[in-house]
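Numbering (mature numbering (1 follows the signal peptide of the UniProt record, and there is no 0)), first residue to last: -30 to -1, 1 to 253. A virtual CB, placed ideally from N, CA and C, is assigned to each residue, including glycine. Every value quoted in this text rests on a predicted model; they were computed, and no experiment measured them.
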């Protein structure tokens, strides 16, 4: 079985490596300009730091953290050895645990479906409406407070993928939400041109709207057995390879299982992989 899996990896990867070789030579400069281009290993950690963990973070090229738990001095400590630090920002959901941000929102900041807010019980959060000017302003202030003022290198924009997931059934809504996200990202880059942005999921939103503003995109649940024989997954891999080579958007993948096979598949496609069998709150 293991030999069969390895053959599948080689066959699957070679199809994409052949095609990307032609793209790479003509678009190398775009990739070199990304601050994430040289990242090889990275870690996601969303719990509060300890002195020991702060030191351990310096062993990685990139750390993605929950910035509410960190001071500017702690961020600087992580960065001393060249580690890039990106902070978590939830863009398309409002978390009730984050009461300081949640209490700033008004009714128009939430997306309403059938007269009610869209609630995610697993996360205790609500779907937001990125076309709301007020919500965009609240998000921008959160980026200023948690990312810019603390000196982080970038913002990790979670739940961008909700746009594709929640609005694919309505082309008008889908377009509006994509434009809203792109407009907000553009405003952040205008205000902070040196701030790097990475989005989570939202592959079609990336290719149609947000790719000019982000340096990276993340694909969670990148599991070998779910991908290698799936036509949709193969299409997405090719799509992301193309965006990477043509526009310099680096691709980050995460697996919780099949660590060896998933890592091999990701790296064969020039993606930056992180295997995390535990939750992001476990070191």
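query: Three CB pairs or more closer than 8 Å across the segment 232 to 252 and the segment 194 to 204; result: yes
query: Beta-carbon proximity check, residue 123 vs residue 166, cutoff 9 Å; result: yes
query: Residue 245 versus residue 212 - alpha carbon distance; result: 24 Å
query: Length-filtered (3 minimum) beta strand (DSSP E) runs lying within the segment 70 to 129; result: 95 to 97 and 124 to 128
query: Whole-number beta carbon distance between residue 98 and residue 43, since they are thought to touch under 8 Å; result: Residue 43 to residue 98, Cβ: 32 Å. No contact.
query: Alpha helix (DSSP H) segments (min. 4 residues) lying fully within the segment 126 to 209; result: 132 to 137, 141 to 161 and 194 to 197
query: Backbone secondary structure at residue 229 - three-state DSSP; result: helix
query: Beta-carbon gap between residue 17 and residue 32 smaller than 9 Å; result: no
query: Cβ contact (3+ pairs, closer than 8 Å) linking the segment 154 to 170 and the segment 201 to 212; result: no
query: Cα-Cα separation, residue 215 to residue 4; result: 11 Å
query: Alpha-carbon to alpha-carbon, residue 68 and residue 76; result: 15 Å
query: Same chain, Cβ closer than 7 Å to residue 121, five either side skipped, listed in chain order; result: 42, 45 and 46
query: DSSP-derived helix/strand/coil call for residue 24; result: helix
query: Beta-carbon gap between residue 127 and residue 35 smaller than 9 Å; result: no
query: Within 9 Å, strictly: CB atoms of residue 40 and residue 21; result: no
query: Residue 63, enclosing beta strand (DSSP E) - first and last residue; result: 63 to 65
query: Assigned exposure category for residue 139 - 16 Cβ within 10 Å defines buried; result: exposed
query: Buried/exposed call for residue 242, threshold 16 Cβ in 10 Å; result: buried
query: Range of the contiguous alpha helix (DSSP H) that encloses residue 43; result: 42 to 49
query: Length of the line joining the Cα atoms of residue 29 and residue 250; result: 17 Å
query: CA-to-CA distance, residue 26 to residue 143, given in whole angstroms; result: 44 Å
query: Rounded separation between residue 254 and residue 180 - CA only; result: Outside the displayed span of the chain (-30 to 253) sits residue 254, for which this structure offers no information.
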